[in-house]
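Student: Residue numbers (our numbering), protein chains in the order written: chain A, 252 to 407; chain B, 5 to 489.
Right, I'll just put the structure down here and ask away after.
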Amino acid sequence: MNIDVDVAERRVTLSAPRKIYSDDAVRIAAHVIDSRAEVYHDAGRAAHEITLVSRRTGLDAAALEALGGEFLNELLNQEYRFLVARFNRRIADILVAQALLSARGGEHPPVPPADTPELKAETKRLLAAAAEEIKRTMPRKIAPQGAPIRVPGEPG
Amino acid sequence: MSASGSRLTSPAGTLEREPRRVAAHAARRLGGGVLVTSDTGEWTTLSEAEYARYLSGEIRDDEPIGATLAERGLLRDHLDFAKLGDSLVSRHLLSWPGPGVHTLVVTRRCNFRCVYCHASVVAEDDRSTDMTPETARAAVDLAFESPNPELTLEFQGGEPLLNWPVVRFIVDYARAKNQAAGKRLHFGLISNFSLLDDEKIDWLIERGASFCTSLDGPADVHDKNRVYLGGNGHASVIAGLKAISARRAAGVKVDAPNAICTVTRHSLGRAREIVDQVVGLGLERVQLGPLDPVGFAKRSWDSIGYTSREFVAFYAEALDHLISLNRSGVKAYEKTALVLLIRILEGGHWRFPNSDGAARLAYDWDGAVYTSEDGRLLAAEGDAFFKIGRVGESHLGDLLDHPLVRTSLYAALPESQPMCSQCAYAPYCTVQPVYNYETQGSPWGRMPSNGWCEKIMGIFDVLFARLQDPAARPVLESWLDYKDR
């Protein structure tokens with residue numbers, strides 16, 4: 252796969268065979284590199300023709316070539332990921348579904364107890380106490396410094 | 005044993021000539037031998053010659069190594085499916101009962117300006133990012149929706165003690181709420197200790213809280229990393245640690261305080277000193293955390309960053325020193341090593357597995373909920389990609405239904421990841437979706453050039469090498485005693 256660079260236009264052009272790389276892999280790789288380059292994609296019959304325009308200015312030829320290499324690495328990674336996922340999809344789906352089911356407490360998750368009148372009253376009291384403490388202790392620029400910590404057995 | 009060559013862990017040319025005898029496995033060449041691991045995390049090490057015989061199906065049942073391979077699920081005609089099933093359930097969190105760790109950011113204000121801090125802290129007098137008591141109440145209500153019978157509420161910041169009234173409210177409200185819920189409830193304060201005083205320490209201890217801080221090394225290293233606007237950061241950390249330890253020594257019921265060392269470039273070459281300082285304070289837990297080029301640290305990476313190999317070399321030196329101290333009678337362990345050793349030697353996860361969304365959640369000061377604290381830190385830098393809900397609006401079911409939680413779980417499965425799917429360390433490893441997203445543009449990452457993968461594989465190499473060392477192995481095995489503390 253050739254990588255051509257045009258320093259003046261901040262442009263990298265490359266192609267990748269469609270026999271190997273799917274449209275989805277190109278799209279995902281484009282998203283991944285989106286913060287660093289605008290990506291233009293022309294799906295030809297035999298190859299994806301891809302143009303990256305670096306969002307950063309002042310890159311030299313080596314840096315632009317590295318950007319192209321990075322894109323191709325990501326493209327390979329995504330295509331390979333699809334392959335691995337296809338092999339293992341059934342077990343992965345079971346594992347994720349079971350983990351999520353378990354995290355919510357199984358098929359019949361326990362219902363948290365409703366707030367009792369006592370808890371409601373206590374909550375009201377605690378909220379009021381916190382509001383009062385905030386008002387009382389925190390208008391100053393520097394938060395209240397506590398007394399120096401005493402370490403038992405050491406001189407204060 | 006030492007690792008060599010490619011980071012791809014399954015040696016090439018391993019076509020099975022006698023597949024009936026060879027169970028599915030991954031392998032990694034380490035020094036002169038081959039580490040062989042099964043999907044369920046059973047493992048053994050073989051010489052090159054033994055591995056060749058294993059692949060050829062020539063190892064007999066009546067050889068000692070044949071019995072070992074059979075017992076560890078590495079011979080296909082001796083698989084114990086009941087045992088394998090139990091192991092898979094444990095390793096894949098299939099019985100994990102919902103989010104257990106809930107990180108609450110009670111303010112983004114901070115009185116430190118750490119060189120690597122991801123947290124995008126704000127000035128001490130800017131109260132616009134303080135969590136209100138009402139938001140805190142809604143966060144606690146959401147945390148209590150988790151079916152997990154054990155909940156840990158962690159206070160983070162900024163510096164959480166700058167919003168002490170809300171810390172107090174959360175503790176009191178959660179305890180009141182728990183009278184009906186009956187969960188095992190823990191609180192953890194993650195603080196720079198500069199605002200800690202005797203009153204706060206005693207108040208928190210009485211309510212069962214534990215304490216965690218950052219101690220990056222000797223004063224010159226610590227204060228270079230963690231710039232305290234109001235005084236001497238190192239001295240305040242040491243004073244806090246000593247004060248809590250003294251209460252513990254006096255019989256007060258409180259966990260030993262934790263002091264986490266974030267390793268920066270300033271730490272390299274100081275591994276022994278850093279370990280000695282923690283151990284010298286009477287602390288048994290040493291925790292060496294790598295710095296990642298994520299969030300704010302990305303901006304200062306040129307001055308404080310390092311390569312993955314440099315970190316692994318540092319880690320190996322620190323671990324060896326700690327092992328040597330243990331052999332001379334000192335009791336102390338390294339936290340990352342312990343977490344991985346539990347997975348390697350016992351086949352399970354610790355109580356705080358690293359599974360975003362399903363096992364832990366993070367709540368920002370404004371009530372936004374993230375899959376993890378790392379995801380929240382990323383949002384503080386302006387990218388809320390990992391936000392999955394909001395307290396007061398979202399219920400646990402909504403959060404678990406969020407596509408990002410599912411994506412994070414899929415990304416965490418080695419079965420879904422190139423390179424991980426053939427990695428010998430996959431049964432013990434976890435991926436970092438936030439790290440992957442920020443450094444490589446997607447939660448999946450790209451493992452062959454992933455810095456975190458390089459670091460964790462290096463740590464595995466170090467651990468498996470030490471497990472082959474007859475002097476080091478008993479020390480590492482003894483660290484398992486710390487898992488329930």
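For every residue, glycine included, the Cβ atom is placed at its ideal position computed from N, Cα and C.
Bear in mind that the values here come from a model prediction, so they are computed numbers and not experimental data.
Ignore the nearest five residues each way along the sequence and tell me which others in I63 of chain B's own chain have a CB closer than 7 Å to its CB.
Tutor: Around I63 of chain B: R57, I69, G70 and L73.
Student: Among A:L327, A:A297, A:I284 and A:H299, whose alpha-carbon lies nearest the alpha-carbon of R307 of chain A?
Tutor: Measuring from the Cα of R307 of chain A, the nearest candidate turns out to be A:I284.
Student: Along the segment 341-372 of chain A, where does the CB come closer than 7 Å to a CB of chain B? Name the residues.
Tutor: Listed in sequence order: I342, A343, L346, V347, Q349, A350, L351, S353, A354, R355, G356, P360, P361, P363, P364, T367 and L370.
Student: Taking T111 of chain B as part of the alpha helix (DSSP H), name the residues at either end of that continuous run.
Tutor: Element bounds for T111 of chain B: n/a, residue is neither H nor E.
Student: Skipping 5 residues on each side, what residues in its chain have a beta carbon closer than 6 Å to that of R355 of chain B?
Tutor: With a pLDDT of only 49 at R355 of chain B, under the threshold of 50, the placement of this residue in the model should not be trusted, and no figure is reported.
Student: Determine, for E149 of chain B, whether the minimum Cβ-Cβ distance to residues of chain E falls below 9 Å.
Tutor: No chain E appears in the structure shown, which is made up of the protein chains A and B.
Student: With which residues is S305 of chain A paired in a DSSP beta bridge?
Tutor: Answer by DSSP bridge pairing, in chain order: A:A288.
Student: Using only the alpha-carbon positions, how far apart do I348 of chain B and E46 of chain B sit?
Tutor: Answer to the nearest angstrom: the Cα atoms are 8 Å apart.
Student: Have a look at B:R76, B:G104, B:Y55 and B:A185 and flag the residue whose alpha-carbon is nearest the alpha-carbon of S42 of chain B.
Tutor: Minimum Cα distance to S42 of chain B is reached at B:R76.
Student: Counting only C-beta atoms, is Y414 of chain B closer than 9 Å to chain A at any point?
Tutor: Interface residue, yes.
Student: Report the rounded CA-to-CA distance for I271 of chain A versus G295 of chain A, giving the unit in angstroms.
Tutor: If you take the alpha carbons of I271 of chain A and G295 of chain A, they lie about 13 Å apart.
Student: Below 7 Å between beta carbons is the criterion; list the residues of the segment 315-338 of chain A that meet it against any residue of chain B, in chain order.
Tutor: Per Cβ criterion, the list reads N324, E325, N328, Y331, R332, V335 and A336.
Student: Excluding the five sequence neighbours on either side, which residues of its own chain have a C-beta within less than 7 Å of the C-beta of V290 of chain A, listed in chain order?
Tutor: Correct list, in chain order: A281, I284, I301 and L303.
Student: Using only the alpha-carbon positions, how far apart do T49 of chain B and N324 of chain A sit?
Tutor: Going by the C-alpha atoms only, they are around 33 Å apart.
Student: For P222 of chain B, name the three-state secondary structure that DSSP assigns.
Tutor: Coil.
Student: So which of B:P151, B:A301, B:A322 and B:L88 has the shortest CA-CA distance to G221 of chain B?
Tutor: Of the listed residues, the one whose Cα sits closest to G221 of chain B is B:A322.
Student: For a contact defined as C-beta to C-beta under 8 Å, what are the partners of T264 of chain A on chain B?
Tutor: The contacting residues do not exist; T264 of chain A stays about 21 Å from chain B at best.
Student: Quick one: any contact between the segment 157-165 of chain B and the segment 193-200 of chain B, if contact means 3 or more CB pairs under 8 Å?
Tutor: Enough Cβ pairs lie closer than 8 Å, so yes.
Student: I think G462 of chain B touches S312 of chain B, with their Cβ atoms under 8 Å apart; what is that distance to the nearest whole Å?
Tutor: Confirmed, about 6 Å.
Student: Using a Cβ cut-off of 9 Å (strictly closer), state whether G70 of chain B contacts chain A.
Tutor: No, its Cβ sits nowhere closer than 9 Å to a Cβ of chain A.
Student: Contact between the segment 328-344 of chain B and the segment 270-287 of chain B: three or more CB pairs below 8 Å?
Tutor: Yes, they touch.
Student: Leaving out five residues before and five after Y120 of chain B in sequence, what residues of the same chain have Cβ atoms less than 8 Å from its Cβ?
Tutor: Excluding positions up to five away in sequence, the list reads N229, T266, T268, L295, F300, A301, S304 and I308.
Student: Flag L404 of chain B as yes if its beta-carbon sits less than 9 Å from any beta-carbon of chain A, otherwise no.
Tutor: It does; some Cβ of chain A falls within 9 Å.
Student: Say yes only if the C-beta of E138 of chain B is nearer than 8 Å to one or more non-hydrogen atoms of the ligand HEM, and no if none qualify.
Tutor: The model on display carries no ligand, and the ligand HEM is accordingly not part of it.
Student: Smallest Cα separation from D488 of chain B: which of B:V343, B:W448 and B:A30?
Tutor: Comparing Cα-Cα distances from D488 of chain B to each of B:V343, B:W448 and B:A30, the minimum goes to B:V343.
Student: Checking contacts by CB at 9 Å: is E20 of chain B closer than that to chain A?
Tutor: Caution is warranted here: a pLDDT of 49 is assigned to E20 of chain B, below 50, making its placement in the model unreliable, and no coordinate value can be reported.
Student: Are the segment 364-375 of chain B and the segment 141-152 of chain B touching, with three or more C-beta to C-beta distances below 8 Å?
Tutor: Taking 8 Å as the limit for Cβ pairs, the verdict is that the segment 141-152 of chain B does touch the segment 364-375 of chain B.
Student: Taking DSSP as the reference, what is the three-state secondary structure of K335 of chain B?
Tutor: In this structure, K335 of chain B counts as coil in the three-state DSSP scheme.
Student: Can you check whether the CB of V126 of chain B is closer than 9 Å to the CB of T136 of chain B?
Tutor: No, these two residues do not count as a Cβ contact at 9 Å.
Student: Where does D65 of chain B land, buried or exposed, given buried means 16+ other C-beta within 10 angstroms?
Tutor: Exposed, since its Cβ has fewer than 16 Cβ neighbours within 10 Å.
Student: Measuring alpha carbon to alpha carbon, tell me which of A:R337, A:L346, A:S273 and A:D311 ends up nearest A297 of chain A.
Tutor: When each option's Cα is compared against that of A297 of chain A, the closest is A:S273.
Student: With a threshold of 9 Å between beta-carbons, can L377 of chain A be considered close to chain B, or not?
Tutor: Closer than 9 Å to some Cβ of chain B, the Cβ of L377 of chain A qualifies, so yes.
Student: With distances taken between CB atoms, is the gap from A28 of chain B to R80 of chain B smaller than 9 Å?
Tutor: Closer than 9 Å, so yes.
Student: What do you reckon, are the CB atoms on P103 of chain B and G445 of chain B nearer than 9 Å?
Tutor: Cβ atoms of P103 of chain B and G445 of chain B: not closer than 9 Å.
Student: With 9 Å as the threshold, decide whether the Cβ of S305 of chain A is near any Cβ in chain B.
Tutor: S305 of chain A does not count as touching chain B.
Student: Can you give me, in chain order, the residues of the segment 415-428 of chain B that have a beta carbon less than 8 Å from any beta carbon in chain A?
Tutor: Residues passing the 8 Å Cβ filter: L417, E419, S420, Q421, P422 and S425.
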